[in-house]
Amino acid sequence: MADILAETERLRLRGWREGDREEFVARVNTPAVMRWLGGVQDPSSHEAAFDRVDSYQRDYGHTFWIIERRSDQALLGFCGLKRVNSPGGEVLHGDFEIGWRLREDAWGQGFAKEAAIASLDLAFDRFAAPYVVALTVKGNETSQGLMKRLGMTRRQDLDFDDLRYPELNPCIVYRIEAGEWPAARAAALG
Ligand SMILES: CC(C)(COP(=O)(O)OP(=O)(O)OC[C@H]1O[C@@H](n2cnc3c(N)ncnc32)[C@H](O)[C@@H]1OP(=O)(O)O)[C@@H](O)C(=O)NCCC(=O)NCCS
């Protein structure tokens, strides 16, 4: 279908469809998943976040896409590309940013890495990104683990304070250059 961005061995990255918002909230808006993302969100902030996801697709042609498991079409979460727009991180504004959020019962199976590899392929091959950043906070070691498994480099010089989340600051930055991706990809696939 037209809204399928990529297919991997076990997953499909696709655009958002009717009913996805409700399914996403039911599966992904949990204390464990949202621990480093400001906690469980109320319905109005979720709608605003989904509207932003739609606007990235409209404005840039890429966004945080739905991760669907091919074997049963289950919605596992999202992974994909936006552009940095964090208040406080102006020096990075407009940079390609990879992000991920999976339901808890999909952790620990390599699904996030599989979706992230497909997203970085799209970033460098289809969208011609010169480099891609990933943002997180110090305590989010699982997310940093994924950044490292993808071959991203910690860039302390780019860290900043996100004005929206003073209690979680600083926002820490990892980055990978287009020229680094082929070798990093091969290593990530192991
Ligand atoms: C960050 C997040 C996406 C990482 O997910 P993840 O499942 O740990 O990451 P991966 O897909 O790389 O999976 C790695 C794990 O799967 C295991 N695994 C099992 N089968 C595997 C396979 N076939 N291939 C690869 N890894 C496999 C690995 O051994 C590893 O396990 P470990 O964590 O016990 O060492 C997930 O924790 C999440 O959604 N967190 C909440 C949202 C969030 O914080 N988002 C980021 C905001 S910055």
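So the sequence shown is residues 102 to 291, counted in our numbering. Cβ coordinates follow ideal geometry from the N, Cα and C atoms, glycine included.
Local conformation of Val126 per DSSP, three classes: helix
Please return the same chain residues whose Cβ sits closer than 8 Å to the Cβ of Arg250, not counting the five positions on each side in sequence. Lys214 and Ala289
Other residues of its chain near Glu148: CB distance less than 7 Å, five sequence neighbours each side excluded: none
Just to confirm, are Ala217 and Leu247 a CB contact at a threshold of 9 Å? yes
Is the number of C-beta pairs between the stretch 169 to 176 and the stretch 191 to 198 that are closer than 8 Å three or more? no
Alpha carbon of Tyr232 to alpha carbon of Gly280, nearest angstrom: 8 Å
Following a CB-centred definition, is Leu138 positioned closer than 8 Å to any heavy atom of ligand 1? yes
Three-way DSSP call (helix, strand, coil) for Leu264 in this model: coil
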